[in-house]
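Protein chains in written order, with my numbering: chain A, 383 to 930; chain B, 383 to 930. Comments concern the structure below.
There are 2 protein chains.
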Amino acid sequence: MAFDCGMFQKLKKTRNVQEPRDLNSQLPEKSSDVSTARERRNMFYCKSPDWSEFEGSFSRELLESKNSEKLHRFLIEISHILTDYITKENDRASKVLDFHHPHQLREMMDHCLDIDENPRDLEQILSDCKETLKYCVRTGHPRFFNQLSTGLDVIGVAGEWLTAVSNTNMFTYEVAPVFTLMEEVILKRMMNLIGWEHGDGIFAPGGAVSNLYAVLLARQRYLPQAKLNGMNGCGEAVVFTSKQSHYSIKRAAVILGIGSNNVIYIDCDQRGKMLIKDLEDKILAAKQSGKIPLLVNGMAGTTVLGVYDPLEEIGEICEKYGIWFHVDGAWGGSSLLSRDHRHLLHGIERADSMTWNPHKMMGVPLQCSAILTKHKGVLEEANQMNANYLFQKDKNYDTSYDTGDKTIQCGRHNDVFKLWLMWRAKGDAGFEDQLNKNFDLSKYMLEKVRVRDGFHLVIEEIEAPNVCFWYIPLKWRSLPFSHIEHKQLNKIAPLIKAQMMESGTMLIQYQPLGELPNFFRVAMSNPVITTRDLDFLLDEIDCLGKDL
Amino acid sequence: MAFDCGMFQKLKKTRNVQEPRDLNSQLPEKSSDVSTARERRNMFYCKSPDWSEFEGSFSRELLESKNSEKLHRFLIEISHILTDYITKENDRASKVLDFHHPHQLREMMDHCLDIDENPRDLEQILSDCKETLKYCVRTGHPRFFNQLSTGLDVIGVAGEWLTAVSNTNMFTYEVAPVFTLMEEVILKRMMNLIGWEHGDGIFAPGGAVSNLYAVLLARQRYLPQAKLNGMNGCGEAVVFTSKQSHYSIKRAAVILGIGSNNVIYIDCDQRGKMLIKDLEDKILAAKQSGKIPLLVNGMAGTTVLGVYDPLEEIGEICEKYGIWFHVDGAWGGSSLLSRDHRHLLHGIERADSMTWNPHKMMGVPLQCSAILTKHKGVLEEANQMNANYLFQKDKNYDTSYDTGDKTIQCGRHNDVFKLWLMWRAKGDAGFEDQLNKNFDLSKYMLEKVRVRDGFHLVIEEIEAPNVCFWYIPLKWRSLPFSHIEHKQLNKIAPLIKAQMMESGTMLIQYQPLGELPNFFRVAMSNPVITTRDLDFLLDEIDCLGKDL
């Protein structure tokens, strides 16, 4: 390898950056202070963790009640493997990933990737789990910034574990009584934070599906005949969304038979906010040419720049022209939990629907996304099929608790329990602290990037905790930024990222945006990050990219 | 309560039914033989399971590396709670559910359902988990027959636990390298079992979504302009499906802008199989009236009766008229794993796509559903949006491994690992045994129902392990079955079910079907059930319903 700055030993170098104390409450101890997994385990686990009793034992034996102790011990062994992984993941002295190309990884794992005729014994299964974890990207590592979902909340993990064991389906109260009530409690709280007195909602498998719901609800309101007769003959329906919005709005338009050409993109100002005048102009133009406006999508925290659209004004326009107002708050919707930052969503109560992904800024394990609407009954109106093998009305309980006819799915995974459990463990206050800390950290980083040689901010003022910047190698630093060729600059982030993946010390997303060449985006949602991690990240980029 | 036969003590009554030995390999020991959870735990867990160390400790402390031991112990405590639940769930002396009406349950759980400003300590969180499990329906209990997904596979649970901890997103190889390769391995094996040399597939959040994919792919093939311009002006597209098929085909037509009126239902014979002549007639009629046939959906195991459509003949018709042939094998597709039963899907290799839910007959924890297609590239063709913030083509690895542009989602939960791990643990052979056993059990039950007084089969010959029957109270037994008023008979199953839920000893689905009044469906997918469970179930229904 031609460079050494990404290497492991470099992780321990000391820095002299001044840090606000309260942002560093989670500072790691030195690696040498941390006892080994084995030592830790032996402190409270009396049996030595050898797996010999699982050798030659097969999973079918665990079905027999006489083997319930073995079942117990097997799952406890799994828990030890997993908690060791979590502890290591939190340790800054460990790598974020151990990268291999697909063909390499397939070769390396060949002995254990295969499935065939034969069963493997429980010892092999435990070993498979360890082997799998070895090559996983540590998405909970304090230096994983590659996605909007980062971190690993232990209570969330406990929630997922219980969810797996309760193994039920959210379609009816009959089989998911407690979780149905929890969904009601949580959705009510979320609607309350939005400022709606009434409404409805459902958990969906990800923000893209939540956005699909929104466009479906709008279609149902303005073109109810489409449910029966399809979109053929309905005229040209259109939806409006900002140029900075997530591609799932376009995907929704495609799926719903509206078509990607009928997504009308609204211009944004220099910061990336939807221009109200352009929105109104485009609505008027669409109406004049006989098109049917269904929905305007406003962003509460765009994917890349983290920008909030002017929701109040969009709401006004939507009311004026009678158009469904949806807010995609997949990323930035959680700011509603912070008294300091909820002003970013000023006007949200005017929205007809909102996408909100607790699996992003709130740090809930994947998947956890909600679609919320202020209009009670519309989810059923759009989705009800009255399948009488599942949603019998002659049941012995109040079947309005059966949520299955509100969804586009049939079976539905329980995504609410982990969120409910985390909310119990943190309270509003805990989520608020977590959010505020990440907003503060992003401002810390913004300042660092602003003043540091070789870094150039994409936008100077941020709203959500997204910091976007270009890295400028030494050879171009004497030029004014505007003189650096876009085509050349475009290659820098991918080159640095490739080296970053090889060295495994951190992971950061890059992307182009419109005319802008590739730049890095550091988005903060992991509650364990500190200013030191951010300093490390800048040093590391500098080290990897300086001589390019 | 007016009856006592559903009560707890009745569970222990002895029976004299002759049982084929091999179907009873999982017979329970007597309840008294089973040591208490506490005893079991103390046998290998040296620390007494008191939670005092978690009192006054809050989840935020678990973020600190100095508390990694506490984190470890907390998750081990959770594992103990969960394994105790699993052991109890497998115990026939425990109830399947403890039913309460929504308002009752809310009152009972009121002290712990709430979320508010304040955090709860870790002791409370452990207690919340225990409390939650208390009111869960035990879907893994040997007497839970309410859904097609039953049972709880311990290896599947281990898989879900690891999935939660690895907490990654399936959209790119970059963040899910191992799981991407596992998805490739598993999908290839599934396609191989179908008999396709090439093809593609993706895991989807449930069978309804997999069926949506199928209709979307068909729309993409015959109306590719819909992706750009929507369904308006595309003419009247139609899809064909049997009258016995799952409602998700209609839901897909609604979502995709085809409309529910454009779902053409094909008549079935007395056993519930699609009538080929009616299919051809309706295709011809549709074509003659200028409609555009997109897809024919054939069933591999209908939801209620478990019937397989004549796939070979449907395939021939689809080829003849150039229509996409989809097979909904959500329930019965897994039969491909059994050499004894795969003939039920004779002709499946002719299909263009297939839905297959390992979370049903294969017993994988929810959610695990695959959509498979023999046409490589069509998933991208239909779904590709080329979002360049996520699917950059200038990455340092072969980006054809990024699956995100094949899906209708953006983020996607890892549903493959648990299936992969179970396949490792069982091998093809283990799945085959599991399936064969349930098919055998269903035949055992069919015979019992056929000869038993007060029971009347809905269909005499079964294919998938679904046994459907009416229960006839004493007062009507002297009448020929055809003389019993449908309107009266319709009330019996709901009444018995209500009592069943109150007593909590078992849970079975009932539903009407077309003109047929409410009847019970017992579908077998749990590997722990034995003939004794089925005998118990018939005795119990008899006991609850005799005097109605």
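Each residue gets a CB set at the ideal place from its N, CA and C atoms; glycine is no exception. Given the structure is predicted, the values throughout are model-derived calculations rather than measurements.
Candidates A/815, A/757 and A/740, of which the one nearest residue 720 of chain A by Cα: Numbered from 1 along the first sequence, position 338 holds the residue referred to as residue 720 of chain A. Among A/815, A/757 and A/740, the Cα nearest to that of residue 720 of chain A belongs to A/815.
Beta-ladder partner(s) of residue 656 of chain A, from DSSP: On the first sequence, position 274 is the one that residue 656 of chain A refers to. Residue 656 of chain A pairs with A/650.
Uninterrupted beta strand (DSSP E) stretches inside the stretch 659 to 689 of chain B (no shorter than 3 residues): 674 to 681
First through last residue of the alpha helix (DSSP H) which encompasses residue 643 of chain A: Indexing the first sequence from 1 puts residue 643 of chain A at position 261. Segment: none, residue 643 of chain A is in no alpha helix (DSSP H) and carries neither H nor E.
Whole-number beta carbon distance between residue 750 of chain B and residue 585 of chain B, since they are thought to touch under 8 Å: In the second sequence, counting from the first residue as 1, residue 585 of chain B sits at position 203. In the second sequence, counting from the first residue as 1, residue 750 of chain B sits at position 368. Confirmed, about 7 Å.
Segments assigned alpha helix (DSSP H), at least 4 residues, entirely inside the stretch 684 to 768 of chain A: 693 to 703 and 760 to 765
Option nearest residue 717 of chain B by Cα separation, candidates B/705, B/730, B/707 and B/706: Counting from one through the second sequence, the residue named residue 717 of chain B turns up at place 335. Measuring from the Cα of residue 717 of chain B, the nearest candidate turns out to be B/730.
DSSP state of residue 530 of chain B mapped onto helix, strand, coil: The residue you call residue 530 of chain B lines up with position 148 of the second sequence. Three-state result, residue 530 of chain B: coil.
Sequence-distant residues of the same chain with beta carbon closer than 7 Å to residue 783 of chain A, five excluded per side: Locating residue 783 of chain A in the first sequence gives position 401, where the first residue counts as 1. 555 and 562.
Neighbourhood of residue 657 of chain B by C-beta distance below 7 Å, restricted to the same chain and skipping five residues each side: If you number the second sequence from 1, residue 657 of chain B lands on position 275. Closer than 7 Å at Cβ, skipping near neighbours: 648, 649, 650 and 651.
Residue 875 of chain A, buried or exposed, once every other Cβ within 10 Å from all chains shown has been counted against 16: As a working mapping, residue 875 of chain A is identified with position 493 in the first sequence. Result: buried.
Residue interval of the alpha helix (DSSP H) (run including residue 511 of chain B): Here residue 511 of chain B refers to the residue found at position 129 of the second sequence. Its alpha helix (DSSP H) spans residues 504 to 516.
Neighbour flag for residue 502 of chain B against chain A, beta carbons, 7 Å: Along the second sequence, one-based indexing puts residue 502 of chain B at 120. It does; some Cβ of chain A falls within 7 Å.
Cα-Cα separation between residue 923 of chain B and residue 493 of chain A, rounded to whole angstroms: In the second sequence, counting from the first residue as 1, residue 923 of chain B sits at position 541. In the first sequence, counting from the first residue as 1, residue 493 of chain A sits at position 111. Each residue's Cα considered, the two are about 50 Å apart.
Exposure of residue 434 of chain B, with buried meaning 16 or more beta-carbon neighbours within 10 Å: Within the second sequence, residue 434 of chain B is the residue found at index 52, counting from 1. Classification of residue 434 of chain B: exposed, given that the 10 Å Cβ count is below 16.
Residues in the stretch 439 to 460 of chain A having any Cβ partner in chain B nearer than 8 Å: 440, 441, 442, 444, 445, 446, 447, 448, 450, 451, 453, 454, 455, 456, 457, 458 and 460
Buried versus exposed, by CB contacts within 10 Å (16 or more), residue 768 of chain B: Against the second sequence, residue 768 of chain B aligns to sequence position 386. Exposed, because fewer than 16 other Cβ atoms sit within 10 Å of the Cβ of residue 768 of chain B.
Cα-Cα separation, residue 565 of chain B to residue 801 of chain B: Residue numbering aside, residue 565 of chain B sits at position 183 when the second sequence is read from its first letter. Residue numbering aside, residue 801 of chain B sits at position 419 when the second sequence is read from its first letter. Cα to Cα, the separation comes out at about 9 Å.
Where residue 861 of chain A sits in the DSSP three-state scheme: Locating residue 861 of chain A in the first sequence gives position 479, where the first residue counts as 1. Looking at residue 861 of chain A - three-state DSSP - the assignment turns out to be coil, as it is neither helix nor strand.
Residue-chain proximity (residue 910 of chain B, chain A), Cβ-Cβ < 7 Å: On the second sequence, position 528 is the one that residue 910 of chain B refers to. At least one chain A Cβ lies under 7 Å of residue 910 of chain B.
Interface partners of residue 572 of chain B on chain A, CB under 7 Å: Mapped onto the second sequence, residue 572 of chain B falls at position 190. Neighbourhood of residue 572 of chain B in chain A, by CB distance below 7 Å: empty, with the nearest CB roughly 10 Å away.
Nearest neighbour of residue 479 of chain B, chosen from B/866, B/913, B/890 and B/917 [CA to CA]: Against the second sequence, residue 479 of chain B aligns to sequence position 97. If we check each option's Cα against that of residue 479 of chain B, B/890 comes out closest.
Touching by the beta-carbon criterion (3+ pairs, under 8 Å), the stretch 901 to 908 of chain B and the stretch 517 to 537 of chain B: Below 8 Å, enough C-beta pairs join the stretch 901 to 908 of chain B and the stretch 517 to 537 of chain B to call them touching: three or more.
Close beta carbons around residue 569 of chain A, own chain, < 6 Å, minus the five adjacent residues each side: Translated into the one-based positions of the first sequence, residue 569 of chain A becomes position 187. 583, listed in sequence order.
According to DSSP, residues forming a beta bridge with residue 848 of chain A: Along the first sequence, one-based indexing puts residue 848 of chain A at 466. According to DSSP, residue 848 of chain A bridges with A/905.
Inter-residue Cα distance where the pair is residue 917 of chain B and residue 843 of chain B: For the purposes of this step, residue 917 of chain B is taken as residue 535 along the second sequence, with counting starting at 1. For the purposes of this step, residue 843 of chain B is taken as residue 461 along the second sequence, with counting starting at 1. Residue 917 of chain B and residue 843 of chain B: Cα-Cα distance of roughly 20 Å.
Straight-line gap, residue 491 of chain A to residue 715 of chain B (C-alpha atoms, nearest Å): The residue you call residue 491 of chain A lines up with position 109 of the first sequence. The residue you call residue 715 of chain B lines up with position 333 of the second sequence. The alpha-carbon atoms of residue 491 of chain A and residue 715 of chain B are separated by roughly 29 Å.
Sub-7 Å separation of residue 787 of chain B and residue 766 of chain B beta-carbons: Locating residue 787 of chain B in the second sequence gives position 405, counting from the first residue. Locating residue 766 of chain B in the second sequence gives position 384, counting from the first residue. Yes, these two residues count as a Cβ contact at 7 Å.
Backbone secondary structure at residue 789 of chain B - three-state DSSP: In the second sequence, residue 789 of chain B corresponds to position 407, counting from 1. It is coil, neither helix nor strand.
Residues near residue 938 of chain B in its chain [Cβ-Cβ closer than 8 Å; skip 5 each side]: Outside the modelled stretch of chain B, which goes from 383 to 930, sits residue 938 of chain B, for which no answer is possible.
Any chain A beta carbon closer than 7 Å to residue 627 of chain B: The sequence position of residue 627 of chain B within the second sequence is 245, counting from 1. No, no contact with chain A.
DSSP-derived helix/strand/coil call for residue 881 of chain A: In the first sequence, the residue the question calls residue 881 of chain A occupies position 499. If DSSP states are grouped into helix, strand and coil, residue 881 of chain A belongs with the helices.
Option nearest residue 441 of chain A by Cα separation, candidates B/535, B/474, B/531 and B/485: Locating residue 441 of chain A in the first sequence gives position 59, counting from the first residue. The shortest Cα separation from residue 441 of chain A among B/535, B/474, B/531 and B/485 belongs to B/535.
7 Å Cβ cutoff met for residue 458 of chain B and residue 461 of chain A: Taking the first residue of the second sequence as position 1, residue 458 of chain B is located at position 76. Taking the first residue of the first sequence as position 1, residue 461 of chain A is located at position 79. Cβ distance < 7 Å, so residue 458 of chain B and residue 461 of chain A count as in contact.
Buried or exposed (CB count within 10 angstroms, at least 16 for buried), residue 807 of chain A: Counted from its first residue, the first sequence places residue 807 of chain A at position 425. Residue 807 of chain A comes out buried.
Extent of the continuous beta strand (DSSP E) run through residue 583 of chain B: In the second sequence, counting from the first residue as 1, residue 583 of chain B sits at position 201. Start and end: 582 to 586.
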